[in-house]
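There are 2 protein chains.
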Amino acid sequence: MRDNDVPEIRSLPLFQEMEDQNFEALIRGAYVQTFPPQVELITEGDPADFLHVVISGSVELFAAWNRRQTTMATVRPISTFILAATIKDAPYLMSARTMEKSRLVLIPSMDVRDVFETDSRFARAVVSELAQCYRSVVKNTKDLKLRSSIERLANYILRIHTTHDRAMQFDLNLEKRRLASFLGMTSENLSRAIKSLRPYGVEIDGQRVTITDLADLEQLAKPSPLIDDYSI
Amino acid sequence: MRDNDVPEIRSLPLFQEMEDQNFEALIRGAYVQTFPPQVELITEGDPADFLHVVISGSVELFAAWNRRQTTMATVRPISTFILAATIKDAPYLMSARTMEKSRLVLIPSMDVRDVFETDSRFARAVVSELAQCYRSVVKNTKDLKLRSSIERLANYILRIHTTHDRAMQFDLNLEKRRLASFLGMTSENLSRAIKSLRPYGVEIDGQRVTITDLADLEQLAKPSPLIDDYSI
DNA sequence: GGATCTGTTTGACATTTATCAAGTTTGCTG
DNA sequence: CAGCAAACTTGATAAATGTCAAACAGATCC
Chain R
1 MRDNDVPEIR SLPLFQEMED QNFEALIRGA YVQTFPPQVE LITEGDPADF LHVVISGSVE
61 LFAAWNRRQT TMATVRPIST FILAATIKDA PYLMSARTME KSRLVLIPSM DVRDVFETDS
121 RFARAVVSEL AQCYRSVVKN TKDLKLRSSI ERLANYILRI HTTHDRAMQF DLNLEKRRLA
181 SFLGMTSENL SRAIKSLRPY GVEIDGQRVT ITDLADLEQL AKPSPLIDDY SI
Chain A
1 MRDNDVPEIR SLPLFQEMED QNFEALIRGA YVQTFPPQVE LITEGDPADF LHVVISGSVE
61 LFAAWNRRQT TMATVRPIST FILAATIKDA PYLMSARTME KSRLVLIPSM DVRDVFETDS
121 RFARAVVSEL AQCYRSVVKN TKDLKLRSSI ERLANYILRI HTTHDRAMQF DLNLEKRRLA
181 SFLGMTSENL SRAIKSLRPY GVEIDGQRVT ITDLADLEQL AKPSPLIDDY SI
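Just so you know, the protein sequences line up as chains R and A, in that order. As numbered in the UniProt record's numbering, the first sequence has no gaps in its residue numbers, which increase by one up to the final residue, 232. As numbered in the UniProt record's numbering, the second sequence has no gaps in its residue numbers, which increase by one up to the final residue, 232.
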């Protein structure tokens, strides 16, 4: 990959603070590639050969066991995924597939580990990123274990609402079947959960979400910063 | 705390590689303290004032929401907890309470962050620890989302079996109600799950677990290293 | 524009899990 | 050792969630 192929990744917190020469070393060995939708980028259990950066499009992280499959997260531009496996030189715990046509940068894990050893500002940025990831997964576990499926849906809607500048109308950024899987339920169950939220101030028509009564929804959802605020 | 109060913590991977003088700086500001059982050490939402190290005894990490409560993890000697909150200077996401009489070292978070900024070997050790924690939580999420409660119990038993040198008989290291909460079910449900595992080669009497047919149990549990092996 | 495909919704039903209310056991304490 | 409290178990029942099948809707493709 050439130096100025994808200038935007330099501004990622993970790469912002590092030495120029080290960033260039990472970039030199990296590939930029555009993938069609539904391409499996990595498979759980495989060695972590590349750190992935999503430049455009979106990627689903999922996991499988015994013929069951679940969506673990979705990754949107611009962010990295599977940093932990890269740094630890351990097998991926999740698989990844493009949800739509997506452009990615693949940085060889070995290069990342090399720079990690020599550039201590980069090492500190890795800590910050990993701590953030860790806390996100902990929040997600609390959501799963402490809430019913309807409560999870209600809080999910409030989270999008918040990230969309508190708009009262917005689009789901996920197919419903993926949302269902992410929230830990079946599509059928999500369908019914959506219906049962209507009396609490949410209308969902196709991808379009309209909050008709925020107070009602909040009273049902009882959002908590320690579960729903991804910025802390 | 004096230099040689608790020499064993120097050998933790987190502190092993760091400069002597920095380790001493951490120790100087730290407290060693023994707590009785059932003492709430930290409360979720509070600022992360101390990094905690369990020297003896055991600590339960738990989370609450809307009058519900769930066990997130148990911490046993010698390990640290809430490293992520300490490093990010963010509020705790989980509360902690002693399960039995326990001895802890409390290291002021500010000292940890100071040393983190100056000692890059320590910073790298933090990365390693955080990556490990992150991967553990991801595995736990897969366990929760992909398995039924009986499957989670079966795999839990196999994990203890493995960590106990593949002994066919061992004690549960957790009260059943805590185990139930950790596995994401009620005590009653755990009681029934235990009964329903009997035909698959597990007898549980009080705290005593006996595996009577490992092959049967494994066939039911279908353990996977990407969920159950905490060493990778 | 009709045929086809995929995703979504709905209904009927099954299974899993939780709740409530007794009992029973266990372990501690005076 | 009796008495008590807490943990655990059991049964009956309810609620939540999943499964299966079919209908429906929206996109895509000749």
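Yeah, the Cβ is synthetic: ideal placement off N, Cα and C, and Gly gets one too. Quick caveat: nothing in here was measured; it's all calculated off a predicted structure.
Which residues in chain R sit within 9 Å of residue i, going by Cβ to Cβ distance?
i	result
A:MET72	VAL138, THR141, LYS142, LYS145
Give me, in chain order, the residues of the same chain whose beta-carbon lies closer than 7 Å to that of residue i; leave out the 5 immediate sequence neighbours on both sides.
i	result
A:ALA123	PHE116
R:HIS164	PHE170
R:SER136	TYR230
A:LYS176	SER187, LEU190
R:ILE232	PRO225
A:PHE23	ARG10, PHE15
R:SER56	PRO77, SER102, ARG103
A:GLN207	ASP171, LEU172
R:SER181	THR70, THR71
R:GLY201	ILE211, THR212, ASP213, LEU214, ASP216, LEU217
So residue i contacts chain A; which residues on that side make the cut at Cβ distance below 7 Å?
i	result
R:ARG68	LEU146
R:SER224	TRP65
R:ARG124	ALA123
R:TYR134	ALA84, LEU130, CYS133, TYR134, VAL137
R:ILE232	ALA90, PRO91
R:GLU44	LEU226
R:GLY184	LYS145
Quick one: using the 10 Å Cβ neighbour count with 16 as the cut-off for buried, is residue i buried or exposed?
i	result
R:ILE27	buried
A:TYR134	buried
residue 257 of chain A	No answer is possible for residue 257 of chain A: the residues shown for chain A start at 1 and end at 232.
A:PRO199	exposed
residue 233 of chain A	Any answer about residue 233 of chain A is impossible in this case: the structure gives chain A only from 1 up to 232.
A:THR34	exposed
R:SER148	exposed
R:ASP3	exposed
A:ASP213	exposed
Could you pull out every residue in the same chain whose Cβ sits closer than 6 Å to the Cβ of residue i, ignoring the five residues on either side in sequence?
i	result
A:MET168	ILE211
R:LYS139	ILE227
A:ASP111	LEU26, GLY29
R:PRO223	ASN155, LEU158
A:ASP5	VAL32
residue 262 of chain A	Since the first residue shown for chain A is 1 and the last is 232, residue 262 of chain A is missing from the structure and cannot be characterised.
A:GLY184	LEU144
A:VAL75	VAL54, VAL59, PHE81
A:ILE194	ILE204
Which residues in the same chain have their Cβ closer than 8 Å to the Cβ of residue i, if we skip the five residues on either side of it in sequence?
i	result
A:ILE160	PHE170, LEU172, ASN173, VAL209
A:GLU44	ALA63, ALA64, PRO91, TYR92, LEU93, MET94, SER95
A:LEU197	ILE150, LEU153, ALA154, ILE157, ILE204, LEU217, LEU220
R:ARG121	GLU17, MET18, GLU19
R:THR118	ASN22
Which residues of chain A have a Cβ atom closer than 9 Å to the Cβ of residue i, listed in chain order?
i	result
R:ALA48	Simply none; closest approach about 11 Å.
R:MET110	The contacting residues do not exist; R:MET110 stays about 16 Å from chain A at best.
Residues of chain R with a CB under 7 Å from the CB of residue i: which are they?
i	result
A:LYS176	Under the 7 Å cutoff, chain R gives no residues; its nearest Cβ is about 17 Å from A:LYS176.
A:SER120	SER120, ALA123
A:MET99	The contacting residues do not exist; A:MET99 stays about 19 Å from chain R at best.
Quick test of your reading: residue i and residue j, contact by CB under 8 Å. State the CB separation rounded to the nearest angstrom.
i	j	result
A:GLU60	A:ARG166	Contact doesn't hold; Cβ gap of about 27 Å is too wide.
residue 253 of chain A	A:VAL32	Outside the shown range of chain A, which is 1 to 232, sits residue 253 of chain A, and nothing can be said about it.
R:HIS52	R:LEU106	6 Å
R:ALA131	A:ILE87	5 Å
A:ALA48	A:ASP89	7 Å
R:PHE50	R:SER109	6 Å
Could you work out which residues of chain A lie near residue i, taking near to mean beta carbons separated by less than 8 Å?
i	result
R:PRO13	Simply none; closest approach about 12 Å.
I want to verify the contact list: residues of chain R whose CB lies under 8 Å from the CB of residue i, in sequence order.
i	result
residue 239 of chain A	Since the displayed chain A opens at 1 and closes at 232, residue 239 of chain A lies outside it and no answer follows.
A:MET18	Those do not exist, as A:MET18 stays about 13 Å from chain R at its closest Cβ, beyond 8 Å.
>> Quick test of the definition: if touching needs 3 or more C-beta pairs under 8 Å, does the segment 140-149 of chain A touch the segment 81-94 of chain A?
In response: Counting Cβ pairs under 8 Å, fewer than three are found: no touch.
Is the segment 212-222 of chain A touching the segment 146-155 of chain A in the sense that three or more CB pairs, one from each, lie closer than 8 Å?
By the Cβ test, the segment 146-155 of chain A is in contact with the segment 212-222 of chain A, since at least three Cβ pairs between them sit closer than 8 Å.
> Okay, do the segment 31-46 of chain A and the segment 93-106 of chain A touch, 3+ Cβ pairs below 8 Å being the bar?
Replying inline: yes
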